[in-house]
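Protein chains: 6
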Amino acid sequence: MSKVVSFGEIMLRLSPEGNLRFGQATSFGATYGGGEFNVAVSLANYGINAEFVTRLPDNDIGTCALREMRKMNVESKNIVFGGERLGIYFLETGAGTRGSNVVYDRAHSSMATIEKGTIDWENVLKDAAWFHWSGITAAISQSAAEACLEAVKVAHKLGLTISCDLNYRSKLWQYGKAPCEVMPEILQYCNVILGDIDTAYFMLGKAKVNPNYQDEKTLPVLYTALFDLLLNLKTVATTLRYSVSASHQRIGGILFDGKAIYQGAVKEVTPVIDRVGSGDAFMGGLIYGLLEYPNNSQRALNFAVAACCLKHTIAGDYNLATLKEVENMADGDSAGLVSR
Amino acid sequence: MSKVVSFGEIMLRLSPEGNLRFGQATSFGATYGGGEFNVAVSLANYGINAEFVTRLPDNDIGTCALREMRKMNVESKNIVFGGERLGIYFLETGAGTRGSNVVYDRAHSSMATIEKGTIDWENVLKDAAWFHWSGITAAISQSAAEACLEAVKVAHKLGLTISCDLNYRSKLWQYGKAPCEVMPEILQYCNVILGDIDTAYFMLGKAKVNPNYQDEKTLPVLYTALFDLLLNLKTVATTLRYSVSASHQRIGGILFDGKAIYQGAVKEVTPVIDRVGSGDAFMGGLIYGLLEYPNNSQRALNFAVAACCLKHTIAGDYNLATLKEVENMADGDSAGLVSR
Amino acid sequence: MSKVVSFGEIMLRLSPEGNLRFGQATSFGATYGGGEFNVAVSLANYGINAEFVTRLPDNDIGTCALREMRKMNVESKNIVFGGERLGIYFLETGAGTRGSNVVYDRAHSSMATIEKGTIDWENVLKDAAWFHWSGITAAISQSAAEACLEAVKVAHKLGLTISCDLNYRSKLWQYGKAPCEVMPEILQYCNVILGDIDTAYFMLGKAKVNPNYQDEKTLPVLYTALFDLLLNLKTVATTLRYSVSASHQRIGGILFDGKAIYQGAVKEVTPVIDRVGSGDAFMGGLIYGLLEYPNNSQRALNFAVAACCLKHTIAGDYNLATLKEVENMADGDSAGLVSR
Amino acid sequence: MSKVVSFGEIMLRLSPEGNLRFGQATSFGATYGGGEFNVAVSLANYGINAEFVTRLPDNDIGTCALREMRKMNVESKNIVFGGERLGIYFLETGAGTRGSNVVYDRAHSSMATIEKGTIDWENVLKDAAWFHWSGITAAISQSAAEACLEAVKVAHKLGLTISCDLNYRSKLWQYGKAPCEVMPEILQYCNVILGDIDTAYFMLGKAKVNPNYQDEKTLPVLYTALFDLLLNLKTVATTLRYSVSASHQRIGGILFDGKAIYQGAVKEVTPVIDRVGSGDAFMGGLIYGLLEYPNNSQRALNFAVAACCLKHTIAGDYNLATLKEVENMADGDSAGLVSR
Amino acid sequence: MSKVVSFGEIMLRLSPEGNLRFGQATSFGATYGGGEFNVAVSLANYGINAEFVTRLPDNDIGTCALREMRKMNVESKNIVFGGERLGIYFLETGAGTRGSNVVYDRAHSSMATIEKGTIDWENVLKDAAWFHWSGITAAISQSAAEACLEAVKVAHKLGLTISCDLNYRSKLWQYGKAPCEVMPEILQYCNVILGDIDTAYFMLGKAKVNPNYQDEKTLPVLYTALFDLLLNLKTVATTLRYSVSASHQRIGGILFDGKAIYQGAVKEVTPVIDRVGSGDAFMGGLIYGLLEYPNNSQRALNFAVAACCLKHTIAGDYNLATLKEVENMADGDSAGLVSR
Amino acid sequence: MSKVVSFGEIMLRLSPEGNLRFGQATSFGATYGGGEFNVAVSLANYGINAEFVTRLPDNDIGTCALREMRKMNVESKNIVFGGERLGIYFLETGAGTRGSNVVYDRAHSSMATIEKGTIDWENVLKDAAWFHWSGITAAISQSAAEACLEAVKVAHKLGLTISCDLNYRSKLWQYGKAPCEVMPEILQYCNVILGDIDTAYFMLGKAKVNPNYQDEKTLPVLYTALFDLLLNLKTVATTLRYSVSASHQRIGGILFDGKAIYQGAVKEVTPVIDRVGSGDAFMGGLIYGLLEYPNNSQRALNFAVAACCLKHTIAGDYNLATLKEVENMADGDSAGLVSR
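Chains as they are written, first to last, in the working numbering: chain P, 1 to 340; chain C, 341 to 680; chain H, 681 to 1020; chain E, 1021 to 1360; chain Z, 1361 to 1700; chain Y, 1701 to 2040.
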């Protein structure tokens, strides 16, 4: 089975119970997650041979993160230990008109202080078919961005498919460089990108265009501009999200494979149990879809959208929907019947 | 006050907190319930003299189930002890597009290994007015089905009203007989049946007809066919359920008394706190309605539909809505105002 | 900064977890709140110098309430200790068609047995700009009503703005007097009143008129009648609430300043996490709005409506929405996006 | 089977989790108990036909208490509804050198406002063999003391054995009478008393003597003085407790039957999970012992001491140790082996 | 690194919170464990390459058990899926004089219905150095005993060290055979046995001798008798346990290697957080000790005793003490200082 | 009332429930504490006017810490906002032979990056009588040590009593300087020091002497050597702690006032609920004792020892024992009786 290697950060996530605000909490639910790890878990759940590569502190909290990987059947043998601390983020879960609230405490983490040369990428990737990374790793520090570039170059050399979730977060990118100074060099090796058009344009130094995702005429033009800049690009996908409220989202998706546009039917997602990680669930579903249905972009997209929707019903960072559940929903079943 | 005796299984129900998936749970909420027990609790809540008859293991877990009965004011004096274990079912509560998930672990339970002759039905039923059972008991084992038939015969002989919730579950019926080999003999004594038309047809060996419950012309014909097969039948009712999602149901009901069709107004039920046991809440409401409003089938049906709706807002297997709450909702009040 | 003094009761609130019914609870969430205290917390959250005056029992439970005040940055230095007990109320949180249920256990509380002369109002109010009280205090006992009247007289003499939330609760007013025998004398000193028209009419001994809050023509007439009776009145506001279900409310508001009618846009509030205290959140928002935007009644009203809506998403009695969150929503943002 | 009727108060007990202090709690564990109810539960657990008589408020909290009785198999058919509120007590559980802390909030309870004539004692006691009450009921109000006297007179007339746990609490007895003005009249009908000698002397108006419970010579004299004052007295027992710390108690007991002194072996009780109600467990064990071993005072005492010890290991007000567990410990087994 | 394969059952363990009794629990803590699995976890924690072989039901509860194995870094690749259910046991945790209480619900489990031929032992054991099993597997069913014998024969043929924890439980062995009819044939291949002398004698059909473990003269004779019966035997060890109470144990150990007797110093273990699995912790420590210190039986024994002691301080079935913690305690450090 | 100002760090403390290990936790109890803050809380509890000065991040987690200060009635008006993050420490609570385990994550905190000049000490200390700091602040960073020195100089100039808890932690002091390069300059202004003799010697660059605290002859000599080095010193105290196990400590104390040695009676502390912060409780008790009993060093010491002992029974970082509880224990009462 083809192995997918994901590279990035896993954090401790601390969250008040239910919809309590930070100031009301006397305990924080403790889970572990992070964009690229979440993708690996999704793939492992679908039966893919998934590996996660990161740098962990050599303390009890790092060990907790490691056990979470093992529990979820994600290969961890190439993880490197070092650095001071596991990154943390605090999450307050909103409801209705009150949005969720994230407080990052991930600076100085073991992953943020990783450096080029820490990972033996030739060895790690030698039996892999796919390499996944995200814009977050490039955003947390100069050295992490360099480690990313190093990995992508090896992956490209070894002929792996390379995917990237652009994942732009304005609160990150604090180390003195703009995305457009860093990302183009790494993105040029990528074959699959998840992100909306304006984020991609911004990261590549192009002016924003405020695209209309319903307009199937202009979309190919806008996406094609990315193909012109990134010569290895084969697929671009965008998650479409309309937020009625923190508890009610409408989710769709769009995919362009260089030739045609594919639309995923928009689904009502209500109530939202936990929307954090739903983009990662889309990414995980997209990788699975492209691997499993290489000649059926519509099906691959439908699978990604269904995975994204189901993630909203599941607490924690990563998607625990099973392959069968995602397939059923990709087939159109969203009635939520009791299985007994 | 007329006594209603319900016969069936009470199980330990184990459920992850909130909407957690099984694999996320470090504890399971522990409650006790089961179709026929849930009916008895509903009736006790409405002020009916309700008794539950079952077989429990003589261990601490069986004692927990017994205490639950006592707590809910359900008479337990004729319960028999024996057998190996209390049946268990695991329930993962869904949300939105993700349905709830039940894992049964009820084989080899004390109730599944009950045998004809275990209960002294003449004594148990001598001062009762109504006997209730369900298709589940007939489904779990040959000997339980035989115990059911034995009970029904005595109840019939003593002139009790006999009701049955057909409750077809394809995962049960594993002991080598089809429903149509077992159910007709027991159903022939029944006066009141809850179930949809095709389930009844299937259990009686008739071909399915995929009825249109909006078509009030064909419905009497379809229901009447049941009266032709079951000579003691006086009332058939059907719960109408449309599942928008696991968190949003539309609930109605229909009743045929041999002469006329009655429709209960369809209600929006959202959010769904716990839909397990909502059919039992309908059954409990129906028995109460038929006892309390013997000449007002519409009111009886409205009461049953209201009980069913309210159950969806209550955690656990059985309905804890009070008589007054059900009556208010049967009267049309569903605004959910604060009572203070 | 102008100080606002609020006078009333703080209670221990005991509530089953989630949507459990009272009989299912093995523990009660313990929080502290009460209409007038909730107003003080709202104001402190918005940066106002807020003080709460009450009477607490001199025991560990009273100390818990005191710590809650301190935690929320509400000045407590003029609180008086004495009496037997902290008032309690039990709250069962409804869902969907099942409404929330309050059981009061506040009789004989330290606040209910407060007497005229207990508080040195001249001293308490000497550096304050605003005094707030509510109809609940007048309702719990004769002596508490007298203490209220005493405070209002001093506040009026010292030139403070005086506001009252009418807060009629039929279960209170058990001490032998009708509201119209007690309220007019206290209300005559008030400058700002929150309440619906018929409640105000009832408390002032006028016949109810069942007003149509959409009819902007008749409304000025109906409100003006209050100005004719209460000579110090400057502003009357009403919370508009339509209850789709316990989990879904539609919230608007209306304000009359003696000259013009202002309408706040109606908002969908779903799901409802906790609607208790949402009226107090409106009141707190209204005081803040009138203080902060003295010449912009529309903005003051919008702020109050937004505060009320956001409170529904927050557990506990008082509103923990921040100034920025309320302002954003008053500006029209209700998409509930993740802040990260 | 002989029926034992216990008369007194059942309260809601609110307790922070584990060893948290009141001010640290965001929830209170909610259980139900009270001295005389606890005795009834003990007896029901041992297979005795036990009934509890009290007065409950007709609200949801009263219903919770009623369900607790039913759950524990205590007969509740003669309970009377009325009054304002269920009594409450707050319990902070100590550890080591920090003692537990009780805050009473039981004034104005439905039981405190019971009056003579409320219970039809002739009917309640007509088929009973034993009546139990305690000094707490006489302490909470004049009218409750009168109701007690009324009950005791009927019990005496009908020939029941009457037992009393003296249970002196200085914080109660607030209604203007001293124990020695009230208790002698009620105690004169009693056959069995549990209490230490000085408490009994105090309640009977005698000077305290500070007895030495190791001195088996003077003890008969001191106990006999009680028999001289209370002509119906047959048995006096005293719980011996030495408190090493809140977590470590040494428990013994002593019994005088008018002729001889019996000593129960002192047991080490550590850790203490919950010592509240351990005196009630002694009382329940004593009644059972005297009923079951009428000619073996030593065995009756051993049973009571064992019950008291085991209660310390069980959370909540009442003793959940089984008959077999108490008997094993009375037989000398205290190794706490795993049963598997 | 030499691989150790352990074969047996993993169960779902359901336990009331803290020291609650079964009847007080509204939820059960859910963990996974079982004697032979616990041994594998201990070894994995010490850095040994540990594999667990069992049979799991192919349902969500079986998946939970599988994830637990993965989380603890126990190899699970040879696990077989099939059968009806995961075995369950209920555990009520005692305190002081009240012992813990186990209710087994493990009949009909997937492991109990395993059969000879289900596992391809040649393949599983081909790269292993050690095989571990226990008397529990031989006790649960005839077919499981046969599977055990099959495994042991292959292990013997391949030259693995074979260890057995005798683990006699009288409640098991219900399938019609006595231990002495089954165990001798399997034990004859064993090299290492953990158990007390009389259990070994009983399982081998010898009369009990009630040995004095302090008497170092007679002990070699008694142990040697086992070597005479079991020709492959090299090491016998016994856990010494004196139960002061459920919360206070004294733990030692003894080891005989065919030549000399070794005694482990007795340790005070108080408080006991969870004593279930402490014997398995001893077994895991013993295997590690024998592997790591092949020429130092005293050290091996000390390690086993220390592991057993530390397990008592850890909740759940298996030992989470780290290698360093066990070594420190084996070195004599038991002061429990804070590490900071 | 004289004001005491304490300066240092407040951290978020994250702790698994009960005695769970880090890897077993799915949530962390969240409390706030830190050595110098804990001292301030103790003093506020005893009725002292206590202020805490620190630097907090301007985010929601910093606000939580601020609310904790307010709740505990500690003045916070001079707190400064800035920096990246609130320091965190993870605490795993041991039991018996397993010690508690702390994982620090406090590097880069807002307090660690405080600089000289951040606080306007002249203003903060102008109306204070006492200034308290600890060796931890000097240990976390060069700039924090400089801020400490700055504060101490101002305090000395203004004539405040200055106290220091030496609090040596080898894991800190990572910024390139040894304690003896930093501490002497700050300590020279101190009047009261808490610490053992060898820690003081080490921080002052003297060789360790391994003192015998039972030897009252040599002790004055050893303590006097400190007075020779620190010319402002008036009182040195040492907490004596003997760790039987993590759950059982023996606590005493010793005080030297330049003239005489005072010994506090050693107390048994078992069970230990939470020993973190018990040294701070001693420090808080010592300051209170020296303020309240300026001429009674024995009483001051007894108060400190009693406070330390009681802290062990209280969860969280700081001491919640009341003044009355500490005084009772200082008077010799440690029986842990129920207060009711």
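We treat Cβ as the ideally placed atom computed from N, Cα and C, and that holds for glycine.
One alpha carbon belongs to Z:ILE1611, the other to Z:SER1603, and they sit about 9 Å apart. In chain order, VAL1704 place their CB closer than 6 Å to the CB of Y:ILE1748, counting only its own chain and leaving out the 5 sequence neighbours on each side.
The beta carbon of C:CYS504 does not come within 7 Å of any beta carbon belonging to chain Z, so the residue lies off that interface. C:PRO524 sits in a helix when the DSSP states are folded into three classes. When 8 Å is used as the limit between beta carbons, Z:SER1603 is near these residues of chain E: ALA1355, GLY1356, LEU1357, in chain order. Scanning Y:LEU1919, Y:ILE1973, Y:THR1924, Y:ASP1974 for the CA closest to the CA of Y:GLY1953 turns up Y:LEU1919. One alpha carbon belongs to H:ALA827, the other to E:GLY1038, and they sit about 41 Å apart.
Here the alpha carbons of C:LEU360 and C:VAL492 stand approximately 41 Å from one another. When Cβ-Cβ separations below 7 Å define contact, H:ALA926 makes contact with chain C. If you look at H:ARG930, you'll find it in the beta strand (DSSP E) that goes 928-936. Nearest to Y:ALA1838 by C-alpha distance, out of Y:LYS1906, Y:ILE1893, Y:ILE1961, Y:ALA1878, is Y:ALA1878. The beta-carbon of E:LYS1344 is placed no less than 7 Å from the nearest beta-carbon of chain C. Secondary structure within the region 1739-1812 of chain Y: the alpha helix (DSSP H) runs of 4 or more consecutive residues, fully enclosed, are 1760-1771 (chain order).
According to the DSSP secondary-structure assignment, C:PHE368 is paired through a beta bridge with C:PRO356, Z:PHE1388.
Closest option to C:LEU660, judged by alpha-carbon separation, among C:GLY624, C:THR394, C:LYS599: C:GLY624. Residue pairing from DSSP leaves H:PHE882 without any beta-bridge partner. Note that the region 110-120 of chain P does not touch the region 257-268 of chain P; fewer than 3 beta-carbon pairs, one per stretch, sit closer than 8 Å. Take C:PHE368, set aside five residues on each side of it, and the residues of its chain with a beta-carbon closer than 7 Å to its own are LEU354, SER355, PRO356, in chain order. Looking at the backbone, the Cα of C:ALA646 and that of H:ASN781 are separated by about 18 Å.
Sorting H:ARG1020, H:GLU731, H:GLY815 by C-alpha distance to the C-alpha of H:LYS851 places H:GLY815 at the top. Residue range 618-632 is occupied by the alpha helix (DSSP H) that includes C:PHE622. For the options P:GLY62, P:ASN302, P:GLN24, P:LEU194, the alpha carbon positioned closest to that of Y:ILE1761 is the one of P:GLN24.
A Cβ-Cβ separation of about 19 Å leaves H:ASN982 out of contact with H:LYS914 under the 8 Å criterion.
Separation of E:LEU1306 and E:GLY1119 (C-alpha to C-alpha, rounded to the nearest whole angstrom) is 27 Å. Pairwise C-beta distances place the region 1180-1191 of chain E in contact with the region 1218-1225 of chain E, as three or more of them are shorter than 8 Å.
The three-state secondary structure of H:GLU802, taken from DSSP, is helix.
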